[in-house]
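In the numbering used here, the protein residues as written are 128 to 251.
Backbone N, C-alpha and C fix where the C-beta goes; we use that ideal spot for every residue, glycine too.
Predicted model only: the values in this text are computed from it and were never measured.
Structure first, then comments.
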């Protein structure tokens, strides 16, 4: 179980860093896959997408650093908290009548996996 938690953490940590970099490099193109029905497409509104990118990169680092340091209990609590981001994203997409498949399939699945990894770290 410990290896499953480590694998989930590495994949989600690197995955959100990748997503964050995409928001910095190609913000409008990346945003269309998030699941919301509309995104800003012109400057200065695109700056909000860059801000999201920076936060996504930091979110990945926040879980990978304690993993690298072997701080599994702290990591477990951080993952429980971090799962709220993905749950919140899914609920926001559903609230604003975005793509249900993305809300459940991407954000919901991510939330459950991150939550599971957090529980595994805290119970192992």
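Beta-carbon proximity check, residue i vs residue j, cutoff 7 Å
| i | j | result |
| --- | --- | --- |
| residue 187 | residue 144 | yes |
| residue 245 | residue 206 | yes |
Closest by C-alpha distance to residue i, when choosing among the options
| i | options | result |
| --- | --- | --- |
| residue 139 | 179, 191, 216 and 231 | 191 |
| residue 231 | 201, 163 and 180 | 163 |
| residue 219 | 161, 147 and 149 | 161 |
Alpha carbon of residue i to alpha carbon of residue j, nearest angstrom
| i | j | result |
| --- | --- | --- |
| residue 197 | residue 141 | 17 Å |
| residue 172 | residue 129 | 42 Å |
| residue 189 | residue 203 | 12 Å |
| residue 151 | residue 157 | 9 Å |
| residue 214 | residue 135 | 17 Å |
| residue 153 | residue 175 | 13 Å |
| residue 224 | residue 165 | 10 Å |
Residue i classed as buried or exposed, judged by whether at least 16 other C-beta atoms fall within 10 angstroms
| i | result |
| --- | --- |
| residue 208 | exposed |
is_contact[residue i, chain C] using C-beta, thresh 7 Å
| i | result |
| --- | --- |
| residue 218 | The chain inventory of the structure shown lacks chain C, comprising one protein chain alone. |
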